[in-house]
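Undergrad: Protein chains in written order, with this note's numbering: chain A, 1 to 246; chain B, 1 to 246. Note that CB positions come from ideal geometry on N, CA and C, so glycine has one too. Pasting a structure here, questions to come.
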DNA sequence: CCCTGTGTACTAGTATACAAGAAGAGGCGG
DNA sequence: CCGCCTCTTCTTGTATACTAGTACACAGGG
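Written as structure tokens, this is what we have:
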């Protein structure tokens, strides 16, 4: 599923040797495990244990851990241990805010200026999603979902901003994975996507923005309910990330 | 150089306490050096050299480098060297987009619901800025500037989102530092700030948002001109910005 | 029984050693 | 004089050794 593909773009200049792939794969695995809930909040990881499991030394593991800490997925207590961070509802709301702000503005721009090729590309994704809904292929649907949202950013002229959104989305996905989305969930999201594209095709900027906000909040709506159901996965107090400067 | 002397001196006095601060201080120094242009794009850093300058081993230096790479400030070429990344104009534009989207939405929310205490706090910062303008204290002004923008996010209910904005802002600041902002620059920004707060006090959400966008674009406006003047510091090719957690 | 001190077994933080590869200087042959 | 080859020396990547500090069990005294 949908996982941020950030970083490593620069390093592609260098032949992708297996050494590099170790860290990348390790990051991917841990990231997915945490997002998906396979590693539960509070679970303790040990640099040594993980290093042994992957057959590498602690050094690359540390670098991956460090990155996951910065993204808010791990929590390191010096001389004590490393733990999967609890889901912070405030952080989830922040992520929702970020996503709304960035995507709503993007769709407004896109609706105003989108040309036929971009709209065709979006409708193409819609067809992929329609098929995915028909056969109930969730993975395919969400992959297309991600591509479509990314395409909107590209059409708005800021393809790289998707990286920021993806990072924010990860916090939301952590919550989403806790819910067993009902069978008609895909159909509902698909319908919303259809409306989004129609608004863009009509160059209805304001309407597109409203539709996008409603769409994004549909996903977000489940958060509070889920937090109540899985209270032990959440924390009220906010984690203390390292501040930059005042 | 001065930095090294300072660091080693501290280390000798209170080694235990500064032990954990080594990385933080190192990050701070390098970050500021790059943002401010004291370390110029293309300049090569060596893990070994930096480690020696700070009197530490390569391990903590590597972690700091890694973080700066993810934020787009450094570029590591394996087996070759580490360099200060050139300023990427596309990344700068993305940062501007992110900042506008997040701050404009925030001020709209703030204008709609800001209570008297929040407005008082904002006016307080205004007074600080007024004094700073009067005596030409740029450092004090920009510190207050930063606090004020952060306060707006807090008033909007998303204080931590400032972290994301700060990360985006860093890309813009890199450009700003290249310009020798004229003497009346501070006065102009101050005046814009005054308008922002007035709009909030009037609960004029739309007006506040427009004013904020104009304000942010004032700073951004210089970017293209500066890029032309310092072409050797910039690159056309893409790079990736990355974001810290929300 | 409870409380306290101590030892042990973990942890992450740091330093150091080693490996692999790229770049450049310099000698040698043409 | 030019081009090529080699060797030295740098770089980062990885692994390992060591430091310091925490948590916890457990024995022993009150």
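(1) Rounded to a whole number of angstroms, what is the C-alpha to C-alpha distance between residue 132/A and residue 29/A?
(2) Quick one: which residues of the region 87 to 99 of chain B get their C-beta closer than 8 Å to a C-beta of chain A? List them in chain order.
(3) With respect to 7 Å, is the separation between the Cβ of residue 66/B and the closest non-hydrogen atom of the ligand NAD below this value?
(4) Interface residues of chain A around residue 105/B at Cβ under 9 Å?
(5) What is the residue span of the alpha helix (DSSP H) that residue 38/A lies within?
(6) Please decide whether residue 158/A counts as near chain B, where near means a Cβ-Cβ distance under 8 Å.
(7) On the three-state DSSP scale, how would you describe residue 27/A?
(8) Should residue 63/A be flagged as near chain B, meaning a C-beta pair shorter than 8 Å?
(9) Does DSSP put residue 14/B in a helix, a strand or coil?
(10) Using a Cβ-Cβ cut-off of 7 Å (strictly less than) and excluding sequence neighbours within five positions of residue 190/A, which residues of its own chain qualify?
(11) Listed from N- to C-terminal order along the chain, which residues in the region 160 to 171 of chain A have their beta-carbon within a distance smaller than 8 Å of any beta-carbon of chain B?
(12) Applying the 10 Å Cβ sphere with the 16-neighbour rule, what's the burial state of residue 135/A?
(13) Any idea what DSSP makes of residue 122/B, helix, strand or coil?
(14) Closest Cβ-Cβ distance between residue 66/A and chain B: below 8 Å?
(15) Decide if the region 96 to 108 of chain B is in contact with the region 150 to 161 of chain B; the criterion is three or more beta carbon pairs, one per stretch, under 8 Å apart.
(16) Thinking C-alpha only, which one of 222/A, 111/A, 88/A and 165/A is nearest residue 206/A?
(17) The alpha helix (DSSP H) spanning residue 178/B covers which residue range?
(18) Can you list, in chain order, the residues of its chain with a C-beta nearer than 6 Å to that of residue 7/A? Leave out the 5 residues immediately preceding and following it.
(19) Taking the alpha carbon of residue 63/B as the point to measure from, which residue in 24/B, 147/B, 87/B and 173/B has its own alpha carbon closest?
(20) Excluding the 5 residues flanking residue 56/A on each side, which residues of the same chain have their C-beta closer than 8 Å to its C-beta?
(21) From residue 48/A to residue 65/A, what does the alpha carbon distance come to, in whole angstroms?
(22) Taking contact to mean at least 3 C-beta pairs separated by less than 8 Å, is the region 34 to 49 of chain B in contact with the region 83 to 98 of chain B?
(23) Using the rule of at least 16 other Cβ atoms within 10 Å of the residue's Cβ for burial, across every protein chain shown, is residue 169/B buried or exposed?
(24) Taking just the CA atoms, how far does residue 52/B sit from residue 11/B?
(25) With H, G and I counted as helix, E and B as strand and the rest as coil, what does DSSP make of residue 80/A?
(26) Just to confirm my understanding: we take residue 195/A, look at its own chain, exclude 5 residues before and 5 after, and list those with CB closer than 7 Å. What are they?
(27) Where are the alpha helix (DSSP H) runs, 4 residues long or more, that stay fully inside the region 159 to 240 of chain A, in chain order?
(28) Would you kindly work out how many angstroms separate the C-alpha atoms of residue 223/A and residue 93/A, rounded to a whole number?
(29) Using the rule of at least 16 other Cβ atoms within 10 Å of the residue's Cβ for burial, across every protein chain shown, is residue 138/A buried or exposed?
(30) In whole angstroms, what is the alpha-carbon distance linking residue 127/B and residue 68/B?
(31) Determine whether the Cβ of residue 51/A lies closer than 8 Å to any Cβ atom of chain B.
(32) Who are the near neighbours of residue 161/A in its chain, counting only those whose CB is closer than 8 Å to its CB and skipping five residues on each side?
(33) Which two residues bound the contiguous alpha helix (DSSP H) that contains residue 111/B?
(34) So which of 54/A, 90/A, 218/A and 45/A has the shortest CA-CA distance to residue 78/A?
TA: If we stick to the structure as given:
(1) Indexing the first chain from 1 puts residue 132/A at position 132. Indexing the first chain from 1 puts residue 29/A at position 29. If I take the Cα positions, the gap works out to 26 Å.
(2) 90, 91, 93, 94, 97 and 98
(3) Annotation note on the ligand NAD: not contained in the displayed structure, which lists no ligands.
(4) Translated into positions along the second chain, residue 105/B becomes position 105. Simply 97, 100, 101, 104 and 105.
(5) What you label residue 38/A is simply residue 38 of the first chain in a count that begins at 1. From DSSP, residue 38/A is part of no alpha helix (DSSP H); its letter is neither H nor E.
(6) Translated into the one-based positions of the first chain, residue 158/A becomes position 158. It does: the Cβ of residue 158/A has a partner Cβ on chain B nearer than 8 Å.
(7) Numbered from its first residue, the first chain carries residue 27/A at position 27. Three-state result, residue 27/A: helix.
(8) On the first chain, position 63 is the one that residue 63/A refers to. It does: the Cβ of residue 63/A has a partner Cβ on chain B nearer than 8 Å.
(9) By 1-based counting over the second chain, the position of residue 14/B is 14. The pLDDT assigned to residue 14/B is 33, lower than 50, so where the model puts this residue is not dependable; a value taken from the coordinates is nonetheless given after this. It is coil, neither helix nor strand.
(10) Here residue 190/A refers to the residue found at position 190 of the first chain. Same-chain partners within the cutoff: 129, 130 and 133.
(11) 160, 161, 163, 164, 167, 168 and 171
(12) Translated into the one-based positions of the first chain, residue 135/A becomes position 135. Flag for residue 135/A reads exposed.
(13) The sequence position of residue 122/B within the second chain is 122, counting from 1. Three-state result, residue 122/B: helix.
(14) On the first chain, residue 66/A is found 66 positions in, with the first residue counted as 1. By this cut-off, residue 66/A is an interface position.
(15) yes
(16) In the first chain, residue 206/A corresponds to position 206, counting from 1. Selected option, being the one with the closest Cα: 111/A.
(17) As a working note, residue 178/B is residue 178 in the second chain. It is not in any alpha helix (DSSP H) - residue 178/B carries neither H nor E in the DSSP assignment.
(18) Numbered from 1 along the first chain, position 7 holds the residue referred to as residue 7/A. Residue placement at residue 7/A cannot be trusted, given a pLDDT of 32 that sits under 50; the coordinates are not used to answer.
(19) On the second chain, residue 63/B is found 63 positions in, with the first residue counted as 1. Comparing Cα-Cα distances from residue 63/B to each of 24/B, 147/B, 87/B and 173/B, the minimum goes to 24/B.
(20) Locating residue 56/A in the first chain gives position 56, where the first residue counts as 1. Around residue 56/A: 22 and 26.
(21) For the purposes of this step, residue 48/A is taken as the residue at position 48 of the first chain. For the purposes of this step, residue 65/A is taken as the residue at position 65 of the first chain. So the two alpha carbons sit approximately 12 Å from each other.
(22) yes
(23) Numbered from 1 along the second chain, position 169 holds the residue referred to as residue 169/B. Buried is the call here.
(24) Along the second chain, read from residue 1 onward, the residue named residue 11/B stands at position 11. Along the second chain, read from residue 1 onward, the residue named residue 52/B stands at position 52. Note on residue 11/B: pLDDT 31, under 50, position unreliable in the model; no value is reported.
(25) Locating residue 80/A in the first chain gives position 80, where the first residue counts as 1. In this structure, residue 80/A counts as coil in the three-state DSSP scheme.
(26) As a first step, residue 195/A is located in the first chain; it is residue number 195 there, counting from the start. Excluding residues within five positions, the ones whose Cβ falls inside 7 Å are 211.
(27) 161 to 176, 185 to 201 and 205 to 229
(28) Start at 1 with the first residue of the first chain, and residue 223/A comes out as number 223. Start at 1 with the first residue of the first chain, and residue 93/A comes out as number 93. The alpha-carbon atoms of residue 223/A and residue 93/A are separated by roughly 9 Å.
(29) Translated into the one-based positions of the first chain, residue 138/A becomes position 138. Residue 138/A is exposed by the Cβ-count criterion.
(30) Reading the second chain from its first residue, position 127 is the one you call residue 127/B. Reading the second chain from its first residue, position 68 is the one you call residue 68/B. Cα-Cα distance, rounded: 35 Å.
(31) Stepping through the first chain from its first residue, residue 51/A is reached at position 51. Chain B contact via Cβ: absent.
(32) The sequence position of residue 161/A within the first chain is 161, counting from 1. So the list reads 102, 106 and 153, once near-sequence residues are dropped.
(33) Translated into positions along the second chain, residue 111/B becomes position 111. 89 to 113 is the extent of the alpha helix (DSSP H) around residue 111/B.
(34) Position 78 of the first chain, counted from the first residue, corresponds to residue 78/A. For residue 78/A, the nearest C-alpha among the options comes from 45/A.
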